[in-house]
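A.B. asks: With full-length UniProt numbering applied, the sequence shown covers 1 to 432. The beta-carbon is built from N, C-alpha and C at its ideal position, and this holds for glycine as well.
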Amino acid sequence: MLRRKIYDELLAWKKGKKNECLLVKGARQVGKSFIIEEFGRNNYQSMIVINFFKHPEYKNIFEGDLSPVEIYKRISLQLPEVRFVKGKTLLFLDEIQHCPAARTAIKFLATDDMCDVISSGSLLGLHYKEIVSVPVGYERQIEMYSLDFEEFLWAYGYGEEAIAALRGYFERTEKIPDAVNSKLSAVLREYLAVGGMPDVVNTFFETHNFQAVAQKQRSILAEYEEDINKYASGGEKQKIRACYYSLPRQLAKEYTKFQYSVVSKGGSAKKYENALDWLTDAGLVKAVYNVSTPQLPLRAYEKPSEFKIYGTDIGLVTAMCGFETQAALVEDKLAGPAKGGIYENLIFDMLAKRGIELHYIKKDSGTQEIEFLVEQNRGVVPIEVKSKRGSTQSLNAYLKEWDPPLAYKFTAGNIGFSEGKVTLPHYLAMFI
1 MLRRKIYDEL LAWKKGKKNE CLLVKGARQV GKSFIIEEFG RNNYQSMIVI NFFKHPEYKN
61 IFEGDLSPVE IYKRISLQLP EVRFVKGKTL LFLDEIQHCP AARTAIKFLA TDDMCDVISS
121 GSLLGLHYKE IVSVPVGYER QIEMYSLDFE EFLWAYGYGE EAIAALRGYF ERTEKIPDAV
181 NSKLSAVLRE YLAVGGMPDV VNTFFETHNF QAVAQKQRSI LAEYEEDINK YASGGEKQKI
241 RACYYSLPRQ LAKEYTKFQY SVVSKGGSAK KYENALDWLT DAGLVKAVYN VSTPQLPLRA
301 YEKPSEFKIY GTDIGLVTAM CGFETQAALV EDKLAGPAKG GIYENLIFDM LAKRGIELHY
361 IKKDSGTQEI EFLVEQNRGV VPIEVKSKRG STQSLNAYLK EWDPPLAYKF TAGNIGFSEG
421 KVTLPHYLAM FI
């Protein structure tokens, strides 16, 4: 079984909850149902699973009176094999986006002590308008992603001591032994091709066959297309697919700002912005906004019309690029602008999964660009991403102008420090 960080978050919620249910959000196939059911089996005497996608007939449990007593009665009628143990039962409402009334009922269930309640779903933003009453104040929300690189290392067999040793090198800004650095860089290149979708990761470690990995990724992308066909309005379906599959072309540009004209000739915000919103709500992509000035708070200086779009799983992004590209990445033979964009999406993947809010800065005049800005150490920290060793003109100019508390440069090299910036191998982004 793959070890997931979110399991500890579930334990913390169980220990600290007070009249509060839990909603686990995330894209399809990131492992929400599996980890919640594992948590339920390990921590409760009884678990009741209601999956509204597999069993749409269960929606009638939440019709009419939404008092907990009536809901429990209907559950026992629909599922006579289940048992309620007061205070020791987990009620798991899976695929809750298919039953808006169940989402409305959360605020009533939260104040009842019969069950702990966890719900999960994808495409939740697409069904938001169908909810009669959002359970504000009665629901904690956490977002689940595909495996991050540290979780991938766990699956690889790296234990706590090895991870702690790496963290020590990072914190001391001390060079990592060359053999270790070389091995971890190779593992990271495998992560570029595999990504973190649980079924894909399991396939990789079961077969060590990148063709099998690519086939599993194609299956997931096909399922996403089915979701688009099923849940998007007729006029938006083609636009959503076009936006999503434009990611490799967007990332291959020297400046990876999202451009509607790359989606299609003559493309515009008016034509495609709803499609991008759909992909964002589905958890398949995220936007990172340009800012006019790198000062706190970064949100105050966002340029709404200037943004980059990144895929939320690096393996699916490289899968869109094709198997030969994935193979070249693993063998460290890829060259050209696309490599830089892919590594940029990789660092996004590693930072976003840590819950870090990201921005970037590129001024209207000139070519200087800082790939990411993060709020840390009571200031704004710039992050430059290089797919290989190279000059840092943009970062040097930024340091001279803004004198940040810290600056990072990610490269294919080792740890170092000079001229006010910390140089790190890409895989250490998991500690930022």
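Of all the options L251, L153, I6, I71, which has the alpha carbon lying nearest to the alpha carbon of F39?
C.D. replies: Numbered from its first residue, the sequence shown carries residue 39 at position 39. Measuring from the Cα of F39, the nearest candidate turns out to be I6.
A.B. asks: So does the region 309 to 324 actually touch the region 172 to 187, counting three or more Cβ pairs closer than 8 Å?
C.D. replies: At 8 Å Cβ cutoff, the stretches do not touch.
A.B. asks: Could you say which of K230, L93, A101 lies nearest to G64 if we only look at CA atoms?
C.D. replies: In the sequence shown, residue 64 corresponds to position 64, counting from 1. Comparing Cα-Cα distances from G64 to each of K230, L93, A101, the minimum goes to A101.
A.B. asks: Can you give the beta carbon distance from C243 to L276, rounded, assuming they're within the 8 Å contact cut?
C.D. replies: Residue 243 sits at position 243 when you count from the first residue of the sequence shown. Residue 276 sits at position 276 when you count from the first residue of the sequence shown. About 6 Å separates the two Cβ atoms, so the contact holds.
A.B. asks: What residue ranges within the UniProt domain "AAA" (19 to 153) form continuous beta strand (DSSP E) runs of no fewer than 3 residues, ordered along the chain?
C.D. replies: Fully enclosed beta strand (DSSP E) runs of 3 or longer: 21 to 25, 46 to 51, 89 to 94, 115 to 121, 139 to 143.
A.B. asks: Please classify N414 as buried or exposed, where buried requires at least 16 other C-beta atoms within 10 Å of its C-beta.
C.D. replies: Looking up residue 414 in the sequence shown gives position 414. The residue in question, N414, is buried, as its Cβ has 16 or more Cβ neighbours within 10 Å.
A.B. asks: Is it buried or exposed for H208, if we count other Cβ within 10 angstroms and need 16 for buried?
C.D. replies: Position 208 of the sequence shown holds residue 208. The residue is exposed, with fewer than 16 neighbouring Cβ atoms inside 10 Å.
A.B. asks: Please state if the CB of M350 and the CB of A287 are separated by a distance shorter than 7 Å.
C.D. replies: Here residue 287 refers to the residue found at position 287 of the sequence shown. Here residue 350 refers to the residue found at position 350 of the sequence shown. Taking 7 Å as the Cβ cut-off, A287 and M350 do not qualify as a contacting pair.
A.B. asks: Taking DSSP as the reference, what is the three-state secondary structure of W13?
C.D. replies: Along the sequence shown, read from residue 1 onward, the residue named residue 13 stands at position 13. Helix at W13.
A.B. asks: Starting from the N-terminal side, write out each stretch of the alpha helix (DSSP H) that is 4 residues or longer and does not extend beyond the region 180 to 248.
C.D. replies: Whole alpha helix (DSSP H) segments, 4+ residues: 198 to 207, 210 to 231, 237 to 244.
A.B. asks: Quick check on the burial criterion: 16 or more other C-beta atoms within 10 angstroms. Buried or exposed for A232?
C.D. replies: Within the sequence shown, the letter at position 232 stands for residue 232. Its Cβ being crowded by 16 or more others within 10 Å, A232 is buried.
A.B. asks: Rounding to the nearest angstrom, what Cα-Cα distance links G420 and K237 in this structure?
C.D. replies: Position 420 of the sequence shown, counting from 1, holds the residue named residue 420. Position 237 of the sequence shown, counting from 1, holds the residue named residue 237. Taking the straight line joining both Cα atoms gives about 48 Å.
A.B. asks: Determine the burial state of K362: buried for a count of at least 16 other Cβ atoms within 10 Å of its Cβ, exposed for fewer.
C.D. replies: Residue mapping note: residue 362 aligns to position 362 of the sequence shown, counting from 1. Result: buried.
A.B. asks: Use the C-beta contact count for R189: other C-beta atoms within 10 angstroms, 16 or more gives buried, fewer gives exposed.
C.D. replies: One-based indexing of the sequence shown puts residue 189 at position 189. Buried: at least 16 other Cβ atoms inside 10 Å.
A.B. asks: Could you name the residues of the same chain whose beta carbon sits closer than 7 Å to that of T111, not counting the 5 residues immediately before and after it, in chain order?
C.D. replies: The residue you call residue 111 lines up with position 111 of the sequence shown. Contacts found: N19.
A.B. asks: Residue range of the beta strand (DSSP E) that K353 falls in?
C.D. replies: As a working note, residue 353 is residue 353 in the sequence shown. No beta strand (DSSP E) contains K353, which DSSP labels as neither H nor E.
A.B. asks: In angstroms, rounded to a whole number, what distance separates the CA positions of L373 and P425?
C.D. replies: For the purposes of this step, residue 373 is taken as the residue at position 373 of the sequence shown. For the purposes of this step, residue 425 is taken as the residue at position 425 of the sequence shown. In a straight line, the C-alpha of L373 is about 18 Å away from that of P425.
A.B. asks: Out of L23, A335, K386, point me to the one whose CA is closest to L123's CA.
C.D. replies: Taking the first residue of the sequence shown as 1, we reach residue 123 at position 123. Of L23, A335, K386, the residue nearest in Cα terms is L23.
A.B. asks: For L66, which of E150, K107, K386 has the nearest alpha-carbon?
C.D. replies: In the sequence shown, the residue the question calls residue 66 occupies position 66. Nearest option by C-alpha distance: K107.
A.B. asks: Just to check my reading of the structure: A338 and L251 have Cβ atoms closer than 8 Å, yes? What is that Cβ distance to the nearest angstrom?
C.D. replies: On the sequence shown, position 338 is the one that residue 338 refers to. On the sequence shown, position 251 is the one that residue 251 refers to. Contact holds; Cβ gap of about 6 Å.
A.B. asks: Do you know how far the Cα of L346 is from the Cα of I131?
C.D. replies: Numbered from its first residue, the sequence shown carries residue 131 at position 131. Numbered from its first residue, the sequence shown carries residue 346 at position 346. Low confidence applies here, because I131 scores a pLDDT of 49, under 50, leaving its location unreliable; read the following figure in that light. Between I131 and L346, the C-alpha separation is close to 35 Å.
A.B. asks: Can you give the beta carbon distance from S394 to A412, rounded, assuming they're within the 8 Å contact cut?
C.D. replies: If you number the sequence shown from 1, residue 394 lands on position 394. If you number the sequence shown from 1, residue 412 lands on position 412. 18 Å between Cβ atoms; not a contact.
A.B. asks: To the nearest angstrom, how far is the alpha carbon of G195 from that of Y255?
C.D. replies: Along the sequence shown, read from residue 1 onward, the residue named residue 195 stands at position 195. Along the sequence shown, read from residue 1 onward, the residue named residue 255 stands at position 255. Cα to Cα, G195 sits roughly 24 Å from Y255.
A.B. asks: Give, in chain order, every unbroken run of the beta strand (DSSP E) that is at least 3 residues long and sits entirely within the region 392 to 422.
C.D. replies: 408 to 411, 416 to 418, all fully within the region 392 to 422.
A.B. asks: Can you grab the Cα-Cα spacing for the pair F52 / I61, in whole Å?
C.D. replies: Within the sequence shown, residue 52 is the residue found at index 52, counting from 1. Within the sequence shown, residue 61 is the residue found at index 61, counting from 1. About 11 Å.
A.B. asks: Spatial neighbours of Y169 within its chain, please: CB distance less than 7 Å, with the 5 preceding and 5 following residues excluded, ordered by chain position.
C.D. replies: In the sequence shown, the residue the question calls residue 169 occupies position 169. Hits under 7 Å: I176, I415.
A.B. asks: If we ignore side chains and look at the alpha-carbon of each, how far apart do I36 and S219 end up?
C.D. replies: Within the sequence shown, numbered from 1, the residue matching residue 36 stands at position 36. Within the sequence shown, numbered from 1, the residue matching residue 219 stands at position 219. Their Cα atoms are separated by approximately 24 Å.
A.B. asks: So what does DSSP say about K270, is it helix, strand or coil?
C.D. replies: Within the sequence shown, residue 270 is the residue found at index 270, counting from 1. DSSP places K270 in helix when its eight states are reduced to three.
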